[in-house]
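Enquirer: Mind the numbering: the sequence shown is residues 22 to 262 in this note's numbering, read in order.
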Amino acid sequence: MSNDYRFSGRVALVTGAASGIGAAVARRLLAEGAKVASLDLRAEAPQGVLALAGDISDSAQIDAAVARVEAEVGPIDVLVCSAGVPGESLPTVEVSDEEWRRVMGINADGVFFCNRAVVPGMVARGYGRIVNVASIAGKEGNPMAAAYSASKAAVIALTKAIGKDLARTGVLVNCVAPAVIDTPILEDVSQEHIDYMVERIPMGRMGRPEEVAALVCWLASEECSFSTGATYDISGGRAVY
22 MSNDYRFSGR VALVTGAASG IGAAVARRLL AEGAKVASLD LRAEAPQGVL
72 ALAGDISDSA QIDAAVARVE AEVGPIDVLV CSAGVPGESL PTVEVSDEEW
122 RRVMGINADG VFFCNRAVVP GMVARGYGRI VNVASIAGKE GNPMAAAYSA
172 SKAAVIALTK AIGKDLARTG VLVNCVAPAV IDTPILEDVS QEHIDYMVER
222 IPMGRMGRPE EVAALVCWLA SEECSFSTGA TYDISGGRAV Y
């Protein structure tokens, strides 16, 4: 159930909106009245979204995308950082330098670059909502996923730091930590790894992108007014702290 007009007059930028959680968030933001732009490697997004192509591990491309959104759609009120990669399912000692840097570059650097790009405008206007997508792996660490777990832990710590930096500016920064969600990202994950994650969910199933989008959109709205630098679990009961 959507909350019609909750984002009326707001402009949102969603990274990773070509599929999965990002696409679900973009659809819900649209349904609730926002003007939405997306940034993904592919210029694909739900109908009605301004779809931009770009590599979030490249800060110059992010800066250019933010400038284009503000010129064509309007000043950005909401940023949702959903773009990410799972990394290869490998024992830690088999993770190459290149694989480590690839995963950290997209999952950690990309979130930092995106947050940094939109913050000055939000602070100047006295309003903003940023929601970063982390993972339960960032809190617990998953085997066969050293790079992914470390990158998502970085997202959680980054969210806490930026949230504190901006706490008195009107810009709130929070993150969500999903357990395994049924999205195309799982195509790059081994079945053994998927089974490990699902077995640890007390509800006994994967989450759905729409369930994550519901939480993200509350955090991205004016209804969220006294929470910043926080991590919200959406894990089917897996999270223990």
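No residue lacks a Cβ here, since even glycine has one placed at the ideal position from N, Cα and C.
In this text the structure is predicted, and so the values were computed from the model without any measurement.
1. Which class does L187 belong to by DSSP, given the choice of helix, strand or coil?
2. Does the CB of L207 have a neighbour CB from chain D at under 8 Å?
3. Check the DSSP bridge columns for V99 and list the partner residues they point to.
4. Whole-angstrom Cβ separation of S80 and G37, contact assumed at under 8 Å?
5. Tell me the residue span of the beta strand (DSSP E) that contains P230.
6. Specify, as a first and last residue, the run of the beta strand (DSSP E) that I42 falls within.
7. Where does the unbroken alpha helix (DSSP H) through Y217 begin, and where does it stop?
8. Tell me which residues share the same chain as G162 and place their Cβ nearer than 7 Å to its Cβ, disregarding the 5 neighbours each side in the sequence.
9. Which residues bound the beta strand (DSSP E) around V192?
10. For L111, which three-state DSSP category applies?
11. In three-state terms, what does DSSP make of L62?
12. Can you give the beta carbon distance from S64 to L73, rounded, assuming they're within the 8 Å contact cut?
13. Keeping to the same chain, check which residues put their C-beta closer than 6 Å to that of S172; ignore five residues upstream and five downstream.
14. Would you grab the beta carbon distance between S40 and P205 for me? Rounded to a whole angstrom, and I think it's under 8 Å.
15. Y253 by DSSP, collapsed to three states: which one?
16. State yes or no: is the C-beta of S59 within less than 8 Å of the C-beta of R150?
17. In whole angstroms, what is the alpha-carbon distance linking Y217 and S110?
18. Three-state secondary structure (DSSP) at A88?
19. Could you check where the beta strand (DSSP E) with A74 kicks off and where it finishes?
20. Answer with buried or exposed for S246, where buried requires no fewer than 16 other C-beta atoms within 10 angstroms of its C-beta.
21. How many whole angstroms separate the CB atoms of V139 and I97, which I take to be in contact at a CB cut-off of 8 Å?
22. For V32, which option in R189, V106, L100 has the closest C-alpha, if you only look at C-alpha atoms?
23. When the Cα of A174 is compared with those of F133, V210, G147, which residue comes out closest?
Expert: The relevant details are as follows:
1. If you number the sequence shown from 1, residue 187 lands on position 166. Correct three-state label for L187: coil.
2. Note that chain D does not occur in the displayed structure, where there is just one protein chain.
3. Position 78 of the sequence shown holds residue 99. A33, R150, per the DSSP bridge assignment.
4. For the purposes of this step, residue 80 is taken as the residue at position 59 of the sequence shown. For the purposes of this step, residue 37 is taken as the residue at position 16 of the sequence shown. Contact flag wrong, Cβ pair sits at about 17 Å.
5. For the purposes of this step, residue 230 is identified with residue 209 of the sequence shown, where counting begins at 1. Unbroken run through P230 is the alpha helix (DSSP H), 230-240; no beta strand (DSSP E).
6. Residue numbering aside, residue 42 sits at position 21 when the sequence shown is read from its first letter. Counting along the chain, I42 falls outside any beta strand (DSSP E), though it belongs to the alpha helix (DSSP H) covering 41-52.
7. Taking the sequence shown and counting its residues from 1, the one referred to as residue 217 is at position 196. Residues 212-220.
8. Looking up residue 162 in the sequence shown gives position 141. Only S170 meet the Cβ criterion.
9. The residue given as residue 192 occupies position 171 in the sequence shown. That run of the beta strand (DSSP E) goes 192-199.
10. Translated into positions along the sequence shown, residue 111 becomes position 90. Here L111 sits in coil by DSSP.
11. In the sequence shown, residue 62 corresponds to position 41, counting from 1. Coil, per DSSP.
12. Counted from its first residue, the sequence shown places residue 64 at position 43. Counted from its first residue, the sequence shown places residue 73 at position 52. The question names Ser, but residue 64 in the sequence shown is Ala. Right, the Cβ-Cβ distance comes to about 6 Å (below 8 Å), so this counts as a contact.
13. Mapped onto the sequence shown, residue 172 falls at position 151. Result list for S172: V124, M125, N128, A129, in chain order.
14. Taking the first residue of the sequence shown as 1, we reach residue 40 at position 19. Taking the first residue of the sequence shown as 1, we reach residue 205 at position 184. Confirmed, Cβ separation roughly 5 Å.
15. Looking up residue 253 in the sequence shown gives position 232. Y253: strand per DSSP, three-state reduction.
16. Sequence index remark: in the sequence shown, residue 59 carries index 38 (1-based). Sequence index remark: in the sequence shown, residue 150 carries index 129 (1-based). Going by C-beta atoms, S59 is not nearer than 8 Å to R150.
17. Locating residue 217 in the sequence shown gives position 196, where the first residue counts as 1. Locating residue 110 in the sequence shown gives position 89, where the first residue counts as 1. If I take the Cα positions, the gap works out to 12 Å.
18. Taking the first residue of the sequence shown as position 1, residue 88 is located at position 67. Three-state result, A88: helix.
19. Residue mapping note: residue 74 aligns to position 53 of the sequence shown, counting from 1. 71-74 is the extent of the beta strand (DSSP E) around A74.
20. Within the sequence shown, the letter at position 225 stands for residue 246. A residue is called buried once 16 or more other Cβ atoms fall within 10 Å of its Cβ, and S246, having fewer, is exposed.
21. Along the sequence shown, one-based indexing puts residue 139 at 118. Along the sequence shown, one-based indexing puts residue 97 at 76. Yes, they are in contact, since the Cβ atoms of V139 and I97 sit about 5 Å apart, within 8 Å.
22. Your numbering for residue 32 matches position 11 in the sequence shown. The shortest Cα separation from V32 among R189, V106, L100 belongs to L100.
23. In the sequence shown, the residue the question calls residue 174 occupies position 153. The option with the nearest alpha carbon to A174 is F133.
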